[in-house]
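With mature numbering (1 follows the signal peptide of the UniProt record, and there is no 0) applied, the sequence shown covers -27 to -1, 1 to 252. Quick notes on the structure that follows.
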Amino acid sequence: MMYRQTPMQVAGLVLLIFCNNITCVSAFLSTSNSPLVQQSQQSHAHHQHNGLSRIKKKTYTIRGGELDALPVPSAATITTIGGSVSKFYRCFPIIAGCLTCATKAMLADSLAQYRDVCETKFNVRRNIAMVLYSGTVLGIGCEIMYNRVFPILFGIEHTLIRSIKMTLFDALINAPFFYLPPAYITQALLYKYPIREAIQKYITDVKENGLLKKYWSLWVPVSFMNFTIVPAHFRVAFVALVSFFWMIILSTVANKEQTDPDSCSLKPEPKMKNPRALD
C-alpha cells in the first residue's frame, strides 16, 4: 500500500505554501521606489482628497441574484504588511531565516514522501531531519555566511565581479563541504548510527547519483541572481523560496531506494541495527 495524502491534505499544503510566500513577495514590493508603492500612495492621496475612505467592493451575479464580494485590500494595505515583514527580516535575520527555511523543509519533504512509492506511512524522523538541516544550515548558516562572512572575504562594494566570486565560492566550497553533508549527519544523529556511515552515503550520492551536478545546475544561476539583485536582508528568504523545490530533489535523491518500485519489499524487513543514512 502506497502512502498517499487526501486531496484536502494536498490542498492544505498548497495553501500553506502560498500563505508563507505571499508575505515575502509583498515585502519585496514595499520599497519606497517601487512603482506599486508610488501608485498606491497616489491613489491613497486621491481618496483622501475626495473624502473616500471606504474600500471598493465587487459584485458577482449568482443565479439571478447579487452577492457582495469580500472587501478587497488596497495596495497601500498590502505594502504596509510587506513593510512589516521587511522590518522583521531586517531586525531579526537569524530568527526569520531559521523559521522560513524550516517551514520550507517540512513542506518539501512532505511532498517528497508523498511521491515515494514504498512509503506506507509518514516518516516523521526523516521530516524532522530535513527541518533541522534546513533551519540551521540554510536559515542560520546562510545568514551568517552571506551577510557576515562574505563582506569580510569579498568586500561590500556591489559589483559584477564580486557577485561572481561569491557565487563560485558558494558552489565550490560551501556546497560540498558545509551545505550538503549536514543533511546526512543530522539524520545519522536522529537514527543513532555512525556518522562515518552517513558520510559514506553522501559520497556515494555524489559519485553515483549526481548530487553535486543537480545542485550546481540549480543553485549556480540562483546564487548569482541572489548576490546580484536581491537585497541583502532578503537573501536567505530567496534561498528558502527556491530551496522548497531543491529540498524535494535532495530528499528524493537521499532516499532513492524508497522511490524505486523494484526495491519495495513485499514483506516487512526486520529492523536494522544500523540503518543506512537517509533510508
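C-beta atoms are modelled at their ideal positions from N, C-alpha and C, and glycine is treated no differently.
Distance from the CA of Ser107 to the CA of Pro149, rounded to the nearest whole angstrom, comes to 15 Å. The three-state secondary structure of Phe95, taken from DSSP, is coil. At a Cβ-Cβ threshold of 9 Å, Gly70 and Val209 count as neighbours. Between Asn182 and Val226 a beta carbon distance of about 5 Å is seen, short of the 8 Å cut, so the two are scored as contacting. Here Phe211 is buried. Its C-beta has 16 or more other C-beta atoms within 10 Å.
Per DSSP, Met79 is one residue of the alpha helix (DSSP H) stretching across 66 to 88. In the DSSP annotation of this structure, Glu130 is not part of any alpha helix (DSSP H), being labelled neither H nor E. For Lys165, the secondary structure class from DSSP, reduced to helix, strand or coil, is coil.
Residue environment for Arg121: exposed (fewer than 16 other C-beta atoms within 10 angstroms of its C-beta).
Counting the other Cβ atoms within 10 Å of the Cβ of Thr76 gives 16 or more, which makes it buried. For the pair Ala48 and Ala205, the Cα-to-Cα distance works out to about 25 Å.
If you ignore the 5 residues before and after Phe217, its C-beta comes within less than 8 Å of the C-beta of Ile(-11), Lys77, Leu80, Ala81, all in its own chain and listed in chain order. In chain order, Phe127, Gly128, Phe200 place their CB closer than 8 Å to the CB of Arg135, counting only its own chain and leaving out the 5 sequence neighbours on each side. Between Ala144 and Tyr188, the C-beta spacing is below 9 Å. Judged by DSSP in its simplified three-state form, Leu153 adopts coil rather than helix or strand. Residue environment: Pro167 is assigned as exposed (fewer than 16 neighbouring CB atoms within 10 Å of its CB, all protein chains considered). By the criterion of a C-beta distance shorter than 6 Å, Val193 is surrounded in its chain by Ala144, once the five residues flanking it on both sides are discounted. The C-beta of Arg169 has fewer than 16 other C-beta atoms within 10 Å across all chains shown, which makes the residue exposed. With respect to Ala213, Gly112 sits close: the two C-beta atoms are nearer than 9 Å.
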